[in-house]
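Count along the first sequence from 1, then add 48; that gives the number in the working numbering.
C-beta atoms are modelled at their ideal positions from N, C-alpha and C, and glycine is treated no differently.
Small disclaimer: the values here were computed from a predicted structure and weren't measured.
Shown next, in structure tokens, is the structure this report addresses.
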Amino acid sequence: MRFFVVFLNFEQREMTMTDQPKTMTYVASEVEAKWREKWEQDDLYRSKIDHSRPKYYALTMLPYTSGDLHIGHWYPMAPSDARARFMRMQGYNVLFPMGFDAFGLPAENAAIQRRIHPKTWTYANVKRMEGQLKTMGAIFDWSREAISCDPEYYKWTQWFFLKFYENGLAYKKMSSVDFCPNCNTTLAREQVVGENRVCERCGTPVIKKDLDQWFFRITKYAEELLDYSKIDWPERVRFMQENWIGRSEGAYVTFLTEDEDPIEIFTTRPDTLWGATFMVLAPEHPLVQKLTTPVQQNEVAAYIEAAGRKSEIDRTAEGKEKTGVWTGGYAINPVNQKRIPIWIADYVLMTYGTGAIMAVPAHDERDFAFARKFNLPIIPVIQPEEAEPLNGDTMPEAWSGAGVMVNSDRFNGTPVNEEKGSKNPGIKAVTGWLEENKIGKLGINYRLRDWLISRQRYWGAPIPIIYCDDCGPVPVPENELPVLLPDDIEFMPTGESPLRSHPGFLNTTCPKCGGSAKRETDTMDTFMCSSWYQYRYLSPWNNDAAFTPEEAAYWLPVDTYTGGIEHATMHLLYTRYFTKAMRDCGIFDDTIAVMRQNGATDAEIEHIFNEPMIVLRNQGIILGEPRDGHIVAASGRYDGHKFIASDVTVINLFEDSPAANNGSAVVVGEVVKRTNNSLTIETPDHHDVIIDVEPDATFDIAGYGAGGGIEQIKYRLDVEKMSKSKGNVVNPDQIVAQYGADTTRAYMMFAFRWEKGGPWDSQGIKGVVRWLEDVWNIVHAGPPAVAAGEDTSKADRDLRRKTHQAIKRVTDDMGEFSFNTAVAGLMEFKNAMLRAGNVSPVAWHEAVQTMLILMSPITPFITEELWSRLGQPYSIHNQLWPVYDSAAAVEDEIELVIQVNGKVRDRIVVPAGVSEQEATALTMASPVVQKYLEGKQPRKVIYVADRKMMSIVI
RNA sequence: GGGGCAGUGGCGAAAUGGCAAACGCAGCAGUCUUAAAAACUGCGGAGGAAACUCUUGUGGGUUCGACUCCCACCUGCCCUACCA
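Written as structure tokens, this is what we have:
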């Protein structure tokens, strides 16, 4: 009857409390508002350089200014904040900044739809989101806030562009690019998604357009980007990036046409060169015109025209059926001087390799399909061992496996295995020979292409280039930055940047010759802004540099970065590239100088500017909560496939359906969809029926009486991503209003495995509510009243053990991002406190204070309140993290598990320090063991001391 | 087609090769209440009256011992896709 005791104490304590009367029930909103204000006043979470303490830069991906924070924003941020707080209490000087990714298409689209200026829309959203973020109780240092659409920010985005341009990392070229006809802008390759190649933003199928566009030379870093040895990133992200970079090792080989024009090809299978029976060029290949013979002219022109017109969907819709035409030209295979025809086909892409291939139909699926379709010769040059000799005329498919080289002159008999590149003896031997004879050379090819950064939109950072008829493209001088976006602008999307129709922006003078010139009117991809924001946070107040070297020298690099996996091949690849490019442009030189002044060694400096973020962890996604729809019986009449209802009744079971009366029909089913005037129901035999509800229809919904209408009908929600249209969005403001920020934070951490996520459960949050209420009550109850002279040493030791076990558990789990088990450990500790018997006030206070400190990173408000109610000095968040004492955590006695032949048969309680001999003797004495032994000697006895386990083999 | 990840109670989950299901939700029974809610107490994988037996997607293997390691398969999710 512990609660009785607690209650008594609670009363006693209340009378002795010295402060003003305090609410005895936990009201989250009061507690949170009070401390939020106090912390802000005291600037509790300002992060300042302090060389006496180790730094820790924790970062979570900045939100886009969409206008409303949803629970999906809290999910990465709140646990990341808890972990940053945890590091702070461990003695680190922690920087945990926040800002906004504020440029981009949605602002402009919203502006077009609602006639609000993107700037107005964006800053209103920033304001709203700042307010929401502040309720979270995070240790964001708002003095370091950075907003990417501020001129003070994008000045430096433009400056980076100029630095990259100076260093040959930015260039302009005419190229065929993906263009979204709905958003009216070009897209980077990775912004085109799915099998149908649609725009990531709006789902419109992209088209190809030839435009003069700016690119960043990310391909220069392809090899370095594949090196993950200095960073601790999830394998999954690594795999995705590796896949995206797509390194393949092979050989470049030059074939000559009959006119001696060289055609370079890339192949990963130089060992099959002798089997090349034709060549294929991409339709866009520059040599196509010259190669085409007069006879083939018409056919080739028609094919190229058709290929250009075909959308990506048309191509895939054809089911990969090969198409192509012969140019009429021939090339000479350099390894055997054979004359082979040159074709063009759209299965060869101009954008990969050299845009030309040697076709080896015997050993490549695609070439095989092409050769069979157009009756081209197939010559096997790899013979699988222990198989019938391959026959080019009869083989049913290409052989891409291992074997021995045949029909390949001096290489006949060379083994070929399934390995790629130089690990394959056949490839290795042939490549060496090609190099010796200057026919070809070893080569690496990447799938990665340069990063297209031009966007034909207004709401982005203008590209700081001026075009002069005499001087060509001229960079805007640094002292003229930023190139400001004009506010007065027409937004109708035309496929050209709106800036082009703004004469005041467009027309300028050439910085070199002073003549009249025009500005570049494209703006930069917003991924450019978010590629360097981690550096702007260091000193957003600095208008003379992108970041302050003193700040960078102290805080860099980012120690932990958290965010969604969806950015694996975009943001996370770009920002790695950006840091490497900055390093090579000398942008960190001042920072390095400061580090040297501060006594940093070369070894310490060496790796710091190679990668932006050392540790990366991805959280999962919170999905919508599933729910059953109402089961309804609708009466009315059929009109074709539709049902017109005059009455809708919610029933409990299908069987409760009322009988049809006076000629009207009745349909019964679960509501799966609802609009303003119709319901879609699924009948018990799983057919969907659409019900049009008459405007004056009657509703019978339990609990709503006569006032019920169609809005009260619940429709089924499956587990799906949250979206407004699905109606399954969880609004964090509402959750916070109902339960408080602490509960919301803790639930985010407890509900799922953080990296996995899962469907929202509106019931599950109650567990967290009860936990915090229990903690609240425990603190107010105070230490139990112990009778004079009673020995509390055993109870004290037990509580102290639980305390230190909790310290260990929470410390380890927080460190490993295992937030759900950290909270579970704290709940267990709370349960132990509830069950603690008569402990001394000293032991109770140690336990309760430790509990509050361990909880404080997770639930910062309630712990601060309880800490102060205990009379402890402000602030709990400035306390040091407790240190685990293994001696205190050790058990007095342990339960020894006894296995016989691998199965648990008995458990005996033994003293903790028991020796193996004693344990064995105790085990053998067990009647259960005796029973299984049947008087025989065990064959083997295994004692696992640290697992408290004895295994006997009979 | 290629690559990757994951499958444990009704649900979210936990378990350095060593007691499967900690912690929590829902559920059931009870206390309190006129009643309900809340709160509290107990039960809580399946079968069985019980002793006990079975159980981590399926089938093998390694081991005294496998949710955990290895092989094959099934299912789901993610990435990628005519990439030479």
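Beta carbon of residue i nearer than 7 Å to that of residue j
i: G668; j: V719; result: no
i: M770; j: G672; result: yes
i: T479; j: L490; result: yes
i: A419; j: P409; result: yes
i: P905; j: F134; result: yes
i: E312; j: T402; result: yes
i: I487; j: P382; result: yes
i: D570; j: P674; result: no
i: L882; j: Y581; result: no
i: N173; j: S296; result: no
i: A843; j: G885; result: yes
i: G323; j: I427; result: yes
i: W262; j: S470; result: no
Residues of its chain near residue i, where Cβ-Cβ distance is below 8 Å and the 5 sequence neighbours each way are ignored
i: M914; result: The sequence shown places Leu at residue 914, rather than the Met named in the question. Around L914: V823, W824, V827, L900.
i: V246; result: V240, T252, P253, V254
i: E445; result: E413, F416
i: V896; result: I826, V827, M881, L918
7 Å Cβ shell around residue i - same chain, five flanking residues per side excluded
i: C516; result: V522, C558, K560, C561, G563, A565
i: V816; result: T791, A794, Y795, F798
i: K988; result: V1001
i: P1003; result: As displayed, the chain neither begins before 49 nor continues past 1002, which places residue 1003 out of reach and without an answer.
i: R192; result: P145, Y585, P588
Rounded separation between residue i and residue j - CA only
i: T462; j: G440; result: 20 Å
i: L304; j: T341; result: 16 Å
i: W892; j: S866; result: 28 Å
i: A37; j: H333; result: Nothing can be reported for residue 37, as the shown portion of the chain is limited to 49 through 1002.
i: W207; j: L547; result: 20 Å
i: K878; j: I729; result: 47 Å
i: T617; j: L664; result: 14 Å
i: K86; j: E80; result: 10 Å
i: K984; j: S934; result: 41 Å
i: P597; j: E568; result: 31 Å
i: T113; j: F148; result: 6 Å
i: D226; j: R84; result: 48 Å
i: A106; j: P605; result: 10 Å
i: A477; j: W447; result: 20 Å
i: E467; j: F326; result: 25 Å
With 16 other Cβ atoms within 10 Å as the buried cut-off, status of residue i
i: Y686; result: exposed
i: F595; result: buried
i: P780; result: buried
i: E599; result: buried
i: F287; result: exposed
i: T723; result: exposed
i: D258; result: exposed
i: D415; result: buried
i: P69; result: Any reading at P69 must be qualified, since the residue scores a pLDDT of 47, below 50, and its modelled position is unreliable; the value itself is stated next. Exposed: under 16 other Cβ atoms inside 10 Å.
i: G508; result: buried
i: M406; result: buried
i: A194; result: buried
i: M222; result: exposed
i: S810; result: exposed
i: Y201; result: buried
i: I514; result: buried
Any non-hydrogen atom of the ligand FAD within 6 Å of residue i CB
i: V478; result: The ligand FAD is absent from the structure shown, which contains no ligand whatsoever.
Neighbourhood of residue i by C-beta distance below 6 Å, restricted to the same chain and skipping five residues each side
i: A993; result: none
i: N230; result: C250, T252
i: Y104; result: M135, Y140, V142, D607
Inter-stretch contact at 8 Å, needing at least 3 Cβ pairs: the segment 175 to 185 / the segment 212 to 222: No: fewer than three Cβ pairs fall under 8 Å.
Stretch pair the segment 858 to 876 + the segment 940 to 947: three plus CB contacts closer than 8 Å: The segment 858 to 876 vs the segment 940 to 947: no contact.
Three or more C-beta pairs below 8 Å linking the segment 955 to 975 and the segment 911 to 925: Proximity of the segment 955 to 975 to the segment 911 to 925 falls short of the contact definition, fewer than three beta-carbon pairs being nearer than 8 Å.
Cβ pair count under 8 Å reaching 3, the segment 652 to 664 against the segment 316 to 330: When Cβ pairs closer than 8 Å are counted between the two stretches, the segment 652 to 664 is seen not to touch the segment 316 to 330, the count staying below three.
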